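Chains as they are written, first to last, in my numbering: chain A, 2 to 250; chain B, 54 to 271. Note that beta-carbon positions come from the ideal geometry of N, C-alpha and C, so glycine has one too. Fair warning: this is a prediction, and the values are worked out from it, not measured in the lab. Shown next, in structure tokens, is the structure this report addresses.
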């Protein structure tokens, strides 16, 4: 290798490294780094999340016509077998509560009836599981953004963490998805109550992400600016099970 | 290497639901277009086999997407360079004299007779090779990328037409599967042909960019 080649290669490497550093800084500033960005698959995950966030921040999930609703309806998984859940189910979920806490001005707690008295939204969207199956259903619920407004989210909020009654199962979304008009706290499906098999009485519905982000049986929402405080700090129970935090693909 | 990683992880992902559908939605309650005769890695899929394979879907998805980035980036660079370096015009587009059905048939005949390539062919690609490479580079690879992205709910929200023209999200998945099978067959035949044409000299030519090194050494 001669001197000129060495200098050019050196300059190119320096330019590449500083380019990466600048890109990394910008990505961090605009919230384009997912919480599971460290580790062997971090580079790919960060590229995917950043690219999709830039492309999709305000896009609307596709909505379908009533004739496209999947028949017969499909329910995946088993409802929790815990005593607490079965007791609530026996009471027709009248005592089910959804708590809203964290970085909010007015922490609150809602019953299903209170949620139903709020403005609602219905939409016919596709739910796709990362396994490969999918179904189309009509979902009815109160937009998450409405509940967050009611609780008064603080300006530094970056994520909304949501928990299933089964505490092993929790997840989070960034504000782009949390405040998205199609993100619902769903309590109805196909014109009826949300069946237990599909996540009833309450399920978070994030139609721009895959099925596993749509956590069933939710009881608590926590607004935060830092996901490191939750679980093992990866933003969701999914990365510990091997699955990506961001599930837009 | 990227392709093998994508293929391996793709197989792992398919194993979690080895049923394929046409249209927008499909699940075990709806009729399948076809099913792969393999057990699944999820107990919720009735396959007729009495057991469930270990679930490798999580890291397979992570690795599949990371490798896709590397493969797409490399492929993009290759296409750009092949445009500007003349590789596309010189080596891939059929030669002027070859653009006829007569040459096409005669090459097919030669292939079916298993004639080994002549000395001059060691220096360039013949018509069938050129057509195959063009199809792989400009049809199959773009199609596999497109159908892969069309399965993404986020991409579908921004570019809904990329899904609807394919017939739906499940159609995209089915096409993605078939294109991957074609790419795998291409790879198999490609490697087989290299072996038939002389593995050692081909590998040397591929890496050093010089053909006929055997003769010089001899």
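With a 10 Å radius around the Cβ and a threshold of 16 neighbouring Cβ atoms, residue 201 (chain B) comes out buried. A residue is called buried once 16 or more other Cβ atoms fall within 10 Å of its Cβ, and residue 248 (chain A) is buried on that count. In this chain, residue 125 (chain B) is not harboured by any beta strand (DSSP E); it is covered by the alpha helix (DSSP H) spanning 110–137.
Contact between residue 143 (chain A) and residue 119 (chain A) holds: their C-beta atoms lie close to 4 Å from each other, under 8 Å. Going by DSSP, residue 56 (chain B) is part of the alpha helix (DSSP H) stretching over 55–68. If you draw a 10 Å sphere on the C-beta of residue 138 (chain A), you find 16 or more other C-beta atoms in it, and that means buried. Taking C-beta atoms as the reference points, residue 203 (chain A) and residue 39 (chain A) fail to come closer than 8 Å. With 16 or more other CB atoms across the displayed protein chains lying within 10 angstroms of its CB, residue 70 (chain B) is buried. Residue 199 (chain B) sits in a helix when the DSSP states are folded into three classes. Scanning chain A for C-beta atoms nearer than 8 Å to the C-beta of residue 81 (chain B) yields 75 and 134, reported in chain order.
The three-state reading of DSSP puts residue 117 (chain A) in helix, counting H, G and I together. DSSP places residue 163 (chain A) within a strand segment (E or B) once states are collapsed to three. For residue 159 (chain B), the enclosing alpha helix (DSSP H) starts and ends at 154–165. In terms of Cα proximity to residue 178 (chain A), the closest of A:231, A:58, A:76 and A:113 is A:58. Only 222, 223 and 226 from the segment 218–252 of chain B bring a Cβ to less than 8 Å from some Cβ of chain A.
Per the C-alpha coordinates, the member of A:220, A:152 and A:167 positioned closest to residue 84 (chain A) is A:167. For a cut-off of 8 Å, the C-beta gap from residue 207 (chain A) to residue 174 (chain A) is around 6 Å, short enough to register as a contact. The straight-line gap separating the alpha-carbon atoms of residue 104 (chain B) and residue 230 (chain A) is approximately 39 Å. When Cβ-Cβ separations below 8 Å define contact, residue 140 (chain B) makes no contact with chain A. When the alpha-carbon of residue 243 (chain A) is set against those of B:74, B:111 and B:98, the nearest one is in B:111.
In this structure the segment 93–107 of chain B does not lie against the segment 225–239 of chain A, because fewer than three pairs of beta carbons, one per stretch, are closer than 8 Å. Secondary structure at residue 205 (chain A): strand, using DSSP grouped into helix, strand and coil. The C-beta distance from residue 68 (chain B) to residue 93 (chain B) rounds to 6 Å, short enough to fall under 8 Å. Going by DSSP, residue 225 (chain A) is part of the beta strand (DSSP E) stretching over 219–225. Against chain A, the beta carbon of residue 211 (chain B) has neighbours under 7 Å at 56, 57 and 60, listed in chain order.
Any Cβ of chain A closer than 8 Å to the Cβ of residue 99 (chain B) would place that residue at the interface, and such an atom is absent. Excluding the 5 residues flanking it on each side, residue 187 (chain B) has same chain C-beta neighbours closer than 8 Å at 145 and 146, in chain order. Neighbours of residue 70 (chain B) across chain A, judged by C-beta separation under 9 Å: 130, 132, 133 and 134. For residue 250 (chain A), at least one C-beta of chain B is nearer than 8 Å to its own C-beta. Distance from the CA atom of residue 134 (chain A) to the CA atom of residue 81 (chain B), rounded to whole angstroms, is 8 Å. Here the alpha carbons of residue 230 (chain B) and residue 76 (chain A) stand approximately 25 Å from one another. Of A:54, A:62 and A:159, the smallest CA-CA separation from residue 104 (chain A) is found for A:159. As computed with DSSP, residue 126 (chain A) is found in a beta bridge with A:138.
Proximity of the segment 45–52 of chain A to the segment 110–125 of chain A falls short of the contact definition, fewer than three beta-carbon pairs being nearer than 8 Å. Ranked by Cα distance from residue 216 (chain A), the first of A:17, A:224 and A:200 is A:200.
Taken in chain order, the unbroken stretches of alpha helix (DSSP H) that lie wholly in the segment 205–236 of chain B and span 4 residues or more are 206–211 and 214–217.
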